[in-house]
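Line order of the protein sequences matches chains W and S. Residues in the first sequence are numbered consecutively from -7, following our numbering. Residues in the second sequence are numbered consecutively from 2, following our numbering. Glycine is no exception: its CB is placed at the ideal position from the N, C-alpha and C atoms. None of the values given here were measured: they were computed from a predicted structure. Here's the structure, in structure tokens; my notes come after.
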Amino acid sequence: DTGVSQDPRHKITKRGQNVTFRCDPISEHNRLYWYRQTLGQGPEFLTYFQNEAQLEKSRLLSDRFSAERPKGSFSTLEIQRTEQGDSAMYLCASSSDGEVDEQYFGPGTRLTVT
Amino acid sequence: DQQVKQNSPSLSVQEGRISILNCDYTNSMFDYFLWYKKYPAEGPTFLISISSIKDKNEDGRFTVFLNKSAKHLSLHIVPSQPGDSAVYFCAATGNQFYFGTGTSLTVIP
Chain W
-7 DTGVSQDPRH KITKRGQNVT FRCDPISEHN RLYWYRQTLG QGPEFLTYFQ NEAQLEKSRL
53 LSDRFSAERP KGSFSTLEIQ RTEQGDSAMY LCASSSDGEV DEQYFGPGTR LTVT
Chain S
2 DQQVKQNSPS LSVQEGRISI LNCDYTNSMF DYFLWYKKYP AEGPTFLISI SSIKDKNEDG
62 RFTVFLNKSA KHLSLHIVPS QPGDSAVYFC AATGNQFYFG TGTSLTVIP
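Set out below in structure tokens:
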């Protein structure tokens, strides 16, 4: 296993369009996280899955955002009716059950909304 | 509100010297604190963690200190190497995960 992968790496879209990102976690990891990072900021937590159950959602995750992890493996993050303020790096991370939530991050998907 | 803060956006250190990166937090209920390192065009990489019930954790050249009364943690890197040049994020876990804004470390050969 080569780690967490994300697809696509870059996405340019026009305002108002819908976009979907995919994350493939490390295979034995049952926890999966989505973050958003803008320039000069640290990653901001969006949501968290334990297997297929979405357990936590940040207030940053507006109604236009939805995340799924249907079979407890890969996850998708969809943004509907994109806005310019959605432009950011979207990071996915995964971890295994354990005392310390040591998360392994993917390379991210950079979204640009024009 | 920023629950985890890194007030120094950048730090430069000579190779071989000690690098000290600082982090402050506001929530006394955090369970664990972690440090991540990030190179350009890559996701953050886990470096070291510390439980809220401990005050020190060491792993090779990296040591994290936790001062709960001051709600402050620091990462010491000694000796610093040019390959340590990266952005360092501290993070804290409760029911969610909170990251600081990062400190860009430059180790000068």
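In the three-state DSSP reduction, residue 78 (chain W) falls in the helix class (H, G or I).
Going by DSSP, residue 79 (chain S) is part of no beta strand (DSSP E) at all; its letter is neither H nor E. Of the candidates S:102, S:104, S:87 and S:91, S:87 places its Cα closest to the Cα of residue 43 (chain S). Ranking S:28, S:77, S:51 and S:8 by CA distance to the CA of residue 20 (chain S) puts S:77 first. Residue 51 (chain S) sits buried, since 16 or more C-beta atoms from the chains shown fall within 10 Å of its C-beta. For residue 2 (chain W), the enclosing beta strand (DSSP E) begins and ends at 2 to 5. Under the Cβ criterion of 8 Å, residue 59 (chain S) is not counted among the residues facing chain W. Put simply, the CB of residue 93 (chain W) is near chain S, with a gap under 8 Å to one of its CB atoms. For the region 87 to 104 of chain S, the residues whose beta carbon sits under 8 Å from a beta carbon of chain W are, in order, 90, 92, 94, 96, 97, 98, 99, 100, 101, 102 and 103. Among the residues of the region 69 to 83 of chain W, those with a Cβ less than 7 Å away from any Cβ of chain S are 83, in the order of the chain. In terms of Cβ geometry, residue 5 (chain W) and residue -4 (chain W) do not form a close pair [threshold 8 Å]. Contacts with chain W (Cβ-Cβ distance below 8 Å) from the region 44 to 56 of chain S involve 44, 45, 46, 47, 50 and 52, listed in chain order.
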